[in-house]
Amino acid sequence: MKVLITGANGLLGQHLVKLLIESTDYKITATGKGVSRLTVDSSNRYKYVSLDITDGVEVNTFIAQNAPDIIIHTAAITQVDDCEKDPVHCWNTNVTATRFLVGAAEMIGAKFIYISTDFVFDGEAGPYIESDIPAPVNYYGSSKLGAEKSVIEAKLSWCIIRTVLVYGNILVENRNNMVSWVQNNLSQGKSIQVVSDQLRTPTYVEDLAKGILMVIQKKAIGIYHISGDELMSPYEMALATAEYLHLDKNLIEKVDAAIFKQAGKRPAKTGFVIDKAKNELGFKPLTFKEGLKKML
Ligand SMILES: NC(=O)c1ccc[n+]([C@@H]2O[C@H](COP(=O)([O-])OP(=O)(O)OC[C@H]3O[C@@H](n4cnc5c(N)ncnc54)[C@H](OP(=O)(O)O)[C@@H]3O)[C@@H](O)[C@H]2O)c1
303 MKVLITGANG LLGQHLVKLL IESTDYKITA TGKGVSRLTV DSSNRYKYVS LDITDGVEVN
363 TFIAQNAPDI IIHTAAITQV DDCEKDPVHC WNTNVTATRF LVGAAEMIGA KFIYISTDFV
423 FDGEAGPYIE SDIPAPVNYY GSSKLGAEKS VIEAKLSWCI IRTVLVYGNI LVENRNNMVS
483 WVQNNLSQGK SIQVVSDQLR TPTYVEDLAK GILMVIQKKA IGIYHISGDE LMSPYEMALA
543 TAEYLHLDKN LIEKVDAAIF KQAGKRPAKT GFVIDKAKNE LGFKPLTFKE GLKKML
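Numbered by this note's numbering, the letters in the sequence shown go through residues 303 to 598 in order.
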């Protein structure tokens, strides 16, 4: 089965390629912006191709030529404040490019798996189930919801996997995630301010990759919430990380989100109810402590 992955240089993309090449069932084409930053040492098991998803002509030509059976679309502008500051760039990458990919997938009848976010919700009534009504509070969330709508309206087999605050090993130089940020700062003796008035169900990146594989194997369609199963604040995550690594917890200052002057508003209480993924896919995430142990 031919699988095309967008955003292969990203946190999820790297781990997804690593997982999928373990199986001989899949012939992987990993794509990303610019040169490959993949570190997985199995170049005979996948090919990397540079593909700027905002170039509609390139997307159409490439997908028509490669004719994948499945497209897993992880690429996006994922920084909330960047989306707020440059909404045109955000919309072009997160929505218009998704439409290019969906249109090309329709032409060849590929299945489309789209990775979305808890930030499509307003954070007033989390944790959320799949049928809850989205109401994003920032531009990033609006763009991801706009992309979801394009996928849902497409004339193809689709699955939208929403996830929450992903953490895990950075396989190559990349932006920090919550756990690596805490580790980097505390191990250098630097103090950090971490919010305690937001709640999430943090997701171990390898669990997310496995959840995507389950969607492929079970031929699942529709929307699935795939995340960790524990509702916790970033402050609690930071404390657990410091404790696990025997780093100085006194360097962690508990703060409210209101003290930060951020361009994009963050939803207060998101997190997911993951019963559908558990029951229909057999998804079973690690606890946060187990995720830390595997990661660190
Ligand atoms: N990480 C989280 O906490 C989280 C939470 C909820 C949902 N999600 C969703 O999960 C997905 C994966 O997230 P992630 O953390 O792996 O993101 P990431 O590490 O930021 O990776 C996203 C990738 O998209 C690529 N990209 C951006 N613009 C592109 C373009 N024009 N053409 C081709 N590739 C482009 C980036 O390439 P460059 O590196 O070259 O710029 C980057 O490698 C995203 O769709 C995100 O919205 C993530």
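Backbone N, C-alpha and C define an ideal beta-carbon position, used for all residues, glycine too. Quick caveat, the model's predicted, so the values are computed rather than measured.
| Item | Value |
| --- | --- |
| Range of the contiguous beta strand (DSSP E) that encloses Gln-495 | 494 to 497 |
| C-beta atoms of Leu-458 and Ala-412 nearer than 9 angstroms | yes |
| Outcome for Met-303 when other beta-carbon atoms lying within 10 angstroms are tallied against a minimum of 16 | exposed |
| Identified DSSP bridge partners for Ile-373 | Leu-306, Phe-414 |
| Residue range of the beta strand (DSSP E) that includes Tyr-546 | Segment 536 to 547 is the alpha helix (DSSP H) holding Tyr-546; no beta strand (DSSP E) there. |
| Three-state class that DSSP yields for Ile-525 in the structure shown | strand |
| Segment limits, alpha helix (DSSP H) that includes Val-397 | Where Val-397 is concerned, there is no enclosing alpha helix (DSSP H), given that its DSSP letter is neither H nor E. |
| Runs of alpha helix (DSSP H) wholly within the stretch 322 to 389 (minimum 4 residues, chain order) | 358 to 368, 382 to 387 |
| Residues that DSSP places opposite Cys-461 in a beta bridge | Ile-415, Gly-524 |
| Stretch pair the stretch 517 to 530 + the stretch 576 to 594: three plus CB contacts closer than 8 angstroms | yes |
| Extent of the continuous alpha helix (DSSP H) run through Val-481 | 480 to 489 |
| One or two residues paired with Arg-502 in a DSSP bridge | Met-534 |
| Residues near Glu-450 by beta carbon distance below 6 angstroms, same chain, minus five either side | Ser-418, Ile-462 |
| Start and end residues, alpha helix (DSSP H) containing Ile-518 | 507 to 519 |
| Assigned exposure category for Met-409 - 16 Cβ within 10 Å defines buried | exposed |
| Residue nearest to Thr-395 in terms of C-alpha spacing, selected from Phe-421, Thr-308, Leu-501 | Thr-308 |
| Closer than 8 angstroms: Ala-540 CB and nearest ligand 1 heavy atom | no |
| Any 3 or more C-beta pairs closer than 8 angstroms across the stretch 350 to 362 and the stretch 494 to 507 | no |
| Rounded C-alpha distance that separates Lys-563 from Gln-381 | 15 angstroms |
| Proximity below 9 angstroms, CB of Leu-501 to CB of Gly-428 | yes |
| Tyr-599 versus Arg-401: straight-line alpha-carbon distance, rounded | Lying outside 303 to 598, the shown extent of the chain, residue 599 is not represented and no answer is given. |
| Contact the stretch 474 to 485 vs the stretch 541 to 558: 3+ CB pairs below 8 angstroms | yes |
| Lining residues of ligand 1 - beta-carbon closer than 5 angstroms to any non-hydrogen atom, in sequence order | Gly-309, Asn-311, Gly-312, Leu-313, Leu-314, Lys-335, Asp-354, Ile-355, Thr-356, Thr-376, Ala-377, Ala-378, Thr-380, Thr-395, Ile-417, Thr-419, Thr-465, Leu-467, Val-468 |
| Beta-carbon gap between Met-534 and Pro-569 smaller than 9 angstroms | no |
| Neighbour-count burial assignment, Gln-490, 16 or more Cβ in a 10 Å radius | exposed |
| Any chain C beta carbon closer than 9 angstroms to Ala-559 | Absent here is chain C; the protein component of the structure consists of one chain. |
| For Ile-454, the first and last residue of its enclosing alpha helix (DSSP H) | 441 to 455 |
| Candidates Glu-324, Thr-356, Ser-325, of which the one nearest Thr-333 by Cα | Thr-356 |
| Simplified DSSP state of Val-557, which is helix, strand or coil | strand |
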